[in-house]
Amino acid sequence: MAFSHHLGGSGILEIANETVPVRFAIDGDVLHLHVRGRTHILRYRDRLSEFDLSEVLASHDAARAPMPGVVVAINVSRGDAVSRGATLMLVESMKLEFVVRAPRGGVVDRVHFEVGQSFEQGAALVTFSDEGR
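Numbering (our numbering), first residue to last: 1 to 133.
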């Protein structure tokens, strides 16, 4: 099954090599899908919005990049004391922006990249020390 959507709430649904035009509307976690004269109401869970990125980025001493990207903004400097969940930087990856949050509390020891610089998957973006914890 595949679904491609167009502007204005219309799209194409492909099931078992059959293509069907559809109309749809989304209201929170409910999808109203109008297919062949019938309306179907589906509830879905957006697992990506439930995903805690800080767990992926966490290591003993650093917030790490889960995928390659570019630094868009930096919110901390060396010596800043941060709490778990504090915003460290904004990065762009695959044309999406996301916030890098502190995986634990501590003091910023080093910010490894500047705005505009690229990084690879797994790169340490910000490292921490335990001073001031």
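Every residue gets a Cβ at the ideal spot worked out from N, C-alpha and C, and that includes glycine.
On a predicted model such as this, the values are computed, not experimentally measured, just so you know.
Quiz item: Counting along the chain, where does the beta strand (DSSP E) carrying Arg23 start and finish?
Solution: In the sequence shown, counting from the first residue as 1, residue 23 sits at position 23. From DSSP, the beta strand (DSSP E) with Arg23 extends over 18–27.
Quiz item: Does DSSP put Val98 in a helix, in a strand, or in coil?
Solution: Taking the first residue of the sequence shown as position 1, residue 98 is located at position 98. Correcting the residue type first, residue 98 is Phe in the shown sequence and not Val. Phe98: strand per DSSP, three-state reduction.
Quiz item: Under 8 Å, do His32 and Ile41 count as touching if we go by C-beta distance?
Solution: The residue given as residue 32 occupies position 32 in the sequence shown. The residue given as residue 41 occupies position 41 in the sequence shown. Yes, these two residues count as a Cβ contact at 8 Å.
Quiz item: Which one of Gly106, Ser118, Gly122, Gln121 has the shortest CA to CA distance from Ser129?
Solution: For the purposes of this step, residue 129 is taken as the residue at position 129 of the sequence shown. Nearest of Gly106, Ser118, Gly122, Gln121 to Ser129, Cα basis: Gly106.
Quiz item: What's the C-alpha gap between Asp29 and Gly116?
Solution: Along the sequence shown, one-based indexing puts residue 29 at 29. Along the sequence shown, one-based indexing puts residue 116 at 116. If I take the Cα positions, the gap works out to 35 Å.
Quiz item: Quick one: what's got a C-beta closer than 6 Å to Val70's C-beta in the same chain, skipping five residues either side?
Solution: Locating residue 70 in the sequence shown gives position 70, counting from the first residue. The residues are Glu92, Ser118.
Quiz prompt | Pro21 versus Tyr44: straight-line alpha-carbon distance, rounded | solution = Taking the first residue of the sequence shown as position 1, residue 21 is located at position 21. Taking the first residue of the sequence shown as position 1, residue 44 is located at position 44. Those two C-alpha atoms are separated by around 21 Å.
Exercise. Taking Ala63 and Leu88 to be in contact with their CB atoms under 8 Å, please state how far apart those CB atoms are, rounded to whole angstroms.
Key: Sequence index remark: in the sequence shown, residue 63 carries index 63 (1-based). Sequence index remark: in the sequence shown, residue 88 carries index 88 (1-based). Indeed they touch by this definition, with Cβ atoms about 6 Å apart.
Exercise. On a CA-only basis, which of Arg23, Leu125, Ala2, Glu120 is nearest Met94? Give me that one, please.
Key: In the sequence shown, residue 94 corresponds to position 94, counting from 1. It is Glu120.
Self-check item: Selection from Ser83, Val72, Glu114 that minimises the alpha carbon distance to Val99
Solution: Your numbering for residue 99 matches position 99 in the sequence shown. Answer by Cα proximity: Val72.
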